[in-house]
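First the structure, in the form of structure tokens, and then the observations on it.
Number of protein chains: 2
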Amino acid sequence: MFNSSRRTSRPFTVLVEGNIGSGKTTFLNYFDRHQNVSVLAEPIELWRNCDGHNLLGLMYEDSQKWSFTFQSYVQLTMLQHHCHRSSHPIKLMERSVYSAKYCFVEKMRRDNILSEASAAVIDEHFQWLINNPNTAADLIVYLRTSPEIAYERIIERSRVEEKFISIDYLRELHNIHEEWLFYKNLHYCPAPVIVLNADLDKSSIEEEYQKCHYHIFNDIPISVQG
Amino acid sequence: MFNSSRRTSRPFTVLVEGNIGSGKTTFLNYFDRHQNVSVLAEPIELWRNCDGHNLLGLMYEDSQKWSFTFQSYVQLTMLQHHCHRSSHPIKLMERSVYSAKYCFVEKMRRDNILSEASAAVIDEHFQWLINNPNTAADLIVYLRTSPEIAYERIIERSRVEEKFISIDYLRELHNIHEEWLFYKNLHYCPAPVIVLNADLDKSSIEEEYQKCHYHIFNDIPISVQG
Chain A
1342 MFNSSRRTSR
1352 PFTVLVEGNI
1362 GSGKTTFLNY
1372 FDRHQNVSVL
1382 AEPIELWRNC
1392 DGHNLLGLMY
1402 EDSQKWSFTF
1412 QSYVQLTMLQ
1422 HHCHRSSHPI
1432 KLMERSVYSA
1442 KYCFVEKMRR
1452 DNILSEASAA
1462 VIDEHFQWLI
1472 NNPNTAADLI
1482 VYLRTSPEIA
1492 YERIIERSRV
1502 EEKFISIDYL
1512 RELHNIHEEW
1522 LFYKNLHYCP
1532 APVIVLNADL
1542 DKSSIEEEYQ
1552 KCHYHIFNDI
1562 PISVQG
Chain B
1342 MFNSSRRTSR
1352 PFTVLVEGNI
1362 GSGKTTFLNY
1372 FDRHQNVSVL
1382 AEPIELWRNC
1392 DGHNLLGLMY
1402 EDSQKWSFTF
1412 QSYVQLTMLQ
1422 HHCHRSSHPI
1432 KLMERSVYSA
1442 KYCFVEKMRR
1452 DNILSEASAA
1462 VIDEHFQWLI
1472 NNPNTAADLI
1482 VYLRTSPEIA
1492 YERIIERSRV
1502 EEKFISIDYL
1512 RELHNIHEEW
1522 LFYKNLHYCP
1532 APVIVLNADL
1542 DKSSIEEEYQ
1552 KCHYHIFNDI
1562 PISVQG
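Chains as they are written, first to last, in the working numbering: chain A, 1342 to 1567; chain B, 1342 to 1567.
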């Protein structure tokens, strides 16, 4: 069922999801040029500087100790993006409270990085958040990549915190994304999903983007893929 | 300035604050008999059983490890009480997001139980929460006790988790309440404060309660004490 916000005051909200290195920033930059669109990139700068504390760095350095503190802040900052209003009728968000919970907390849980008690608290917060009408979404764009290509891109861009990321980590995170957004046998999908081939390089990716252009700008019911 | 909710849809909200052992339950039970009043006791049962985890017990047993997880859940459950609606026009809440932050997180911070990074995340959540109109309050009743009397009551009622509480802990927590609600030189008071002598025993306390009866039921501006 197509959940349209165009009859409400909430902007038409598109969640851009995908593994680390799947090309979310490139996608967002492409659509940021269009009028009527506001783009909210993942608030990494806040995660790097929460009142002077680099929570992202701490989390990669000692995930056992910092994963809950980090995820608690991620949850808050993602909620703030969901609640964000601008004058533009269309909002593109890089990730969401959903991927924070369904992909990253899920991964920490599988790796026993997050205690069961702390995971329960994150769950309770999450259940509360998704009852907030602002966390509703209208469309998910899943940038589907092979973990190997994502890994090459991560090596190439060499962001400081990403030096700890292994190919195995990317493969597992890929599998979780696949279960959630492609096979849809894990968790709830808060909106219809468009799957794009995000293995394509910059020279050919814009043609692939056209597949979701219409759904973002014309709000027509789509056949849910996957 | 008297912040009245009687012209809005929010119930007239009274926060009942005080040290451990200050007689909050007795106070709430007394007013629970009145029609038009809904009473929300501190959600201790949730803290004892968050999806099977006794966060309150964990926190007293190993506060260094569990204080942030516990306080994160306290913040959520207190927000839920602030948002709670019933058909009654008056709501009495045992404690609040304010005392959670200004008294208990403050104490953990002073004791170096909470890391600075985790305290920063709690701060960010708190700043976000108090922008929610549901966390507004109309009146604070401060049940003011001497720590020694509070300690006697705690020994007498012998709640399992409270066996770790020392008289020194109570004294420090008392001082923080005093700074916040009596001397008002620490933090912000979200509503006018009535101070009651909560050292009185059960035989004479009901007369003391009369001092706030009028303000709860008649919504007349009061002279802020302290």
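Ideal placement from N, C-alpha and C gives every residue a C-beta, glycine not left out. It should be emphasised that the depicted structure is a prediction, and the values quoted were computed from it without experimental measurement.
(request) For Pro1531(A), count neighbouring C-beta atoms within 10 Å of its own C-beta (all shown protein chains included) and say buried if the count is 16 or more, exposed if not. (result) buried
(request) Express the C-alpha separation of Phe1353(A) and Ile1431(A) in angstroms, rounding to a whole number. (result) 5 Å
(request) Would you check whether the ligand HEM has a heavy atom nearer than 7 Å to the C-beta of Phe1368(A)? (result) Only the bare structure without any ligand can be found here, which leaves the ligand HEM out of the picture.
(message) Rounded to the nearest angstrom, what separates Ile1471(B) and Ala1477(B) at their Cα positions?
(response) 7 Å
(request) With 8 Å as the threshold, decide whether the Cβ of Arg1348(B) is near any Cβ in chain A. (result) With a pLDDT of 48 at Arg1348(B), under the threshold of 50, the modelled position of this residue cannot be trusted; read the value that follows with caution. Not closer than 8 Å to any Cβ of chain A, the Cβ of Arg1348(B) fails to qualify, so no.
(message) Using 8 Å as the cut-off, can you tell me whether the stretch 1382 to 1397 of chain B makes contact with the stretch 1442 to 1449 of chain B, which would need three or more C-beta pairs spanning the two stretches below that distance?
(response) no
(request) Flag Asp1452(A) as yes if its beta-carbon sits less than 8 Å from any beta-carbon of chain B, otherwise no. (result) no
(request) Compute the Euclidean distance between the alpha carbons of Val1482(A) and Arg1436(B), then round it to the nearest angstrom. (result) 43 Å
(request) Measuring only between beta-carbons, confirm whether Arg1351(A) sits less than 8 Å from chain B. (result) no
(request) Please determine, among Tyr1550(B), His1518(B), Arg1500(B), the residue with the shortest C-alpha to C-alpha distance to Asn1360(B). (result) His1518(B)
(request) Please state if the CB of Val1536(B) and the CB of Met1434(B) are separated by a distance shorter than 8 Å. (result) no
(request) Return the chain-ordered list of same chain residues with a C-beta closer than 8 Å to the C-beta of Arg1348(A), the five sequence neighbours on each side being excluded. (result) Unreliable positioning characterises Arg1348(A) in this predicted model, as indicated by a pLDDT of 48, which lies under 50. The coordinate reading is nonetheless provided below. If we look at Arg1348(A) and ignore the five residues flanking it on each side, it has no Cβ neighbours.
(message) Would you call the stretch 1489 to 1499 of chain A in contact with the stretch 1458 to 1465 of chain A, where contact means no fewer than 3 C-beta pairs closer than 8 Å?
(response) no
(request) Using a threshold of 8 Å, state whether the C-beta atoms of His1429(B) and Val1501(B) are closer than that. (result) no
(request) Give the interface partners of Tyr1414(B) over in chain A, defined as CB-CB distance under 8 Å, in chain order. (result) Val1462, Glu1465
(message) So if DSSP puts Met1434(B) in a beta bridge, which residue, or which two residues, is it bridged to?
(response) Leu1356(B), Leu1381(B)
(message) Any beta carbon of chain A sitting closer than 8 Å to that of Asp1392(B)?
(response) yes
(message) Quick check: the Cα distance between Lys1442(A) and Leu1522(B), rounded to an integer number of angstroms?
(response) 38 Å
(message) So Ala1458(B) contacts chain A; which residues on that side make the cut at Cβ distance below 8 Å?
(response) Cys1391, His1394, Leu1396, Leu1399, Trp1407, Thr1410
(message) Taking 8 Å as the threshold (C-beta atoms), are Tyr1555(A) and Phe1368(A) in contact?
(response) no
(request) Verify the CB distance criterion: does Trp1298(A) have a CB-CB separation below 8 Å to chain B? (result) Summary: the structure shown does not reach residue 1298(A), with chain A confined to residues 1342 through 1567, and so no result is reported for it.
(message) Could you tell me which whole alpha helix (DSSP H) segments of length 4 or greater appear in the stretch 1389 to 1448 of chain A?
(response) 1396 to 1402, 1404 to 1424
(message) Any beta carbon from chain B within less than 8 Å of Leu1455(A)'s own beta carbon?
(response) no
(request) State the Cα-Cα distance for the pair Leu1480(B) and Ser1363(B), rounded to the nearest angstrom. (result) 18 Å
(message) Within a Cβ cutoff of 7 Å, which residues of the same chain sit near Ile1454(B), ignoring the five residues on either side of it in sequence?
(response) Ser1404, Gln1405, Ser1408
(message) Please list, in chain order, the residues of the stretch 1510 to 1521 of chain B that have any C-beta partner in chain A closer than 8 Å.
(response) none
(request) Run down chain A in chain order and give the residues with a C-beta less than 9 Å from the C-beta of Leu1356(B). (result) Within chain A, no residue comes near Leu1356(B); the closest Cβ sits about 21 Å away, beyond 9 Å.
(request) Quick one: using the 10 Å Cβ neighbour count with 16 as the cut-off for buried, is Tyr1414(B) buried or exposed? (result) buried
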